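Numbering (this note's numbering), first residue to last: 6 to 347.
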């Protein structure tokens, strides 16, 4: 595959767009610039051209405020909109993989094959089965077109698109060098779960519960407005001994619902691959900053969970260190996109 030119990684979340630009990514990555900009409510992933223009304007504003100059961008597709499948092809030769993937994809993609943009990543070889391992990735063409439109409205050149899970997996491996781990990306509307094996993504799923559900639960219980409920969530989170445990008692059942889906995902992965699931968990996204979350995940699942730091092994100038210290885990997808080299 051809090497990508220098570029900016752009990650659209429910409420904000984040961007990261790195240099020397092949040898010693260094942060060139980063930025974050609030986006209008309800416009992310919209098929309406007016909403896409609003996102383009938000991205232009981010560029202006951060003084970014590089017009080449790589963007991430939301995990819930993408079909991924871990496949093995016993006895298939390297030159036959492309045809085998296309044939197999028809069985797993729930919409007509002509309506998706499809690619695959080779992720190793199963020696016992004499089988190449492949991650199939397919996205509806209409979703891809949304991001092409946004780039056009922002006067930027979209040079590549990939999934959030692939980007975040790259960021975590480059940061920690852990080959086997489970990555949880806690967004506003959903929680994305990825399993990494030998440094490559082998399983992903999107859980339709995010940190907004926690905020809404506090609003309902105390009749708070959104901002006050959000403040209580961020301040007290899953700390069981603060405010007589009242916030904990509201939030823990919702977080437990996420944990149930994580357990199901892990069991599916184990049954499908006959592999042992990793016990190292890395928590990413804005929702990962919830007080007490890492301890809760560790105890509930019997694993070792910690807040991720995508900036490990990246040289960062002192002028950026305050924002990274406060919000580092929320930039994981953007960092992974910025690290993409082909």
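In this text, a Cβ means the ideal position worked out from N, Cα and C, and glycines have one as well. Only a predicted model underlies this, so the values are computations on that prediction, with no experimental measurement involved.
Between the region 268-287 and the region 245-254 there are fewer than three C-beta pairs closer than 8 Å, too few to call the two in contact. Taking C-beta atoms under 8 Å as the contact rule, residue 244 and residue 296 qualify, at a distance of about 5 Å. When DSSP states are grouped into helix, strand and coil, residue 295 belongs to the coil group.
Residue 176: not part of any beta strand (DSSP E); member of the alpha helix (DSSP H) spanning 169-181, first to last residue. By the Cβ rule, the region 27-38 counts as touching the region 303-320, because three or more pairs are nearer than 8 Å. Judged by beta-carbon spacing, residue 283 lies within the 9 Å limit of residue 200, meaning their Cβ atoms are closer than that value. For residue 197 and residue 189, the gap between their C-alpha atoms comes out near 6 Å.
In this structure residue 168 is buried. Its beta-carbon is surrounded by 16 or more other beta-carbon atoms within 10 angstroms. Taking C-beta separations shorter than 7 Å and ignoring five residues to either side along the sequence, the partners of residue 131 in its chain run 93 and 138, following chain order. For residue 17, the enclosing beta strand (DSSP E) stretches over residues 13-17. The alpha-carbon of residue 332 is positioned some 32 Å away from that of residue 125. Around the beta carbon of residue 16, 16 or more other beta carbons lie within 10 angstroms, which makes this residue buried. Per DSSP, the unbroken alpha helix (DSSP H) holding residue 275 starts and ends at 251-278.
The beta carbons of residue 26 and residue 343 sit closer together than 9 Å.
When DSSP states are grouped into helix, strand and coil, residue 94 belongs to the coil group.
Per DSSP, the beta-bridge partners of residue 145 are 121. Fewer than three Cβ pairs drawn from the region 58-75 and the region 101-110 lie within less than 8 Å of each other, which leaves the two stretches out of contact. Here residue 214 has 195, 196, 259, 262, 263 and 266 as same chain residues with Cβ atoms under 8 Å from its own Cβ, once five neighbours each way along the sequence are excluded. Relative to residue 324, the option among 29, 95 and 40 whose CA is nearest is 40.
The beta carbon of residue 145 is closer than 7 Å to those of 86, 116, 120 and 121 in its chain, skipping five residues each way along the sequence. For residue 224, the uninterrupted alpha helix (DSSP H) run begins and ends at 216-227, by DSSP. Residue 287 is bridged by DSSP to 188 and 311.
Shown here, residue 25 sits in a strand according to DSSP, grouped into three states.
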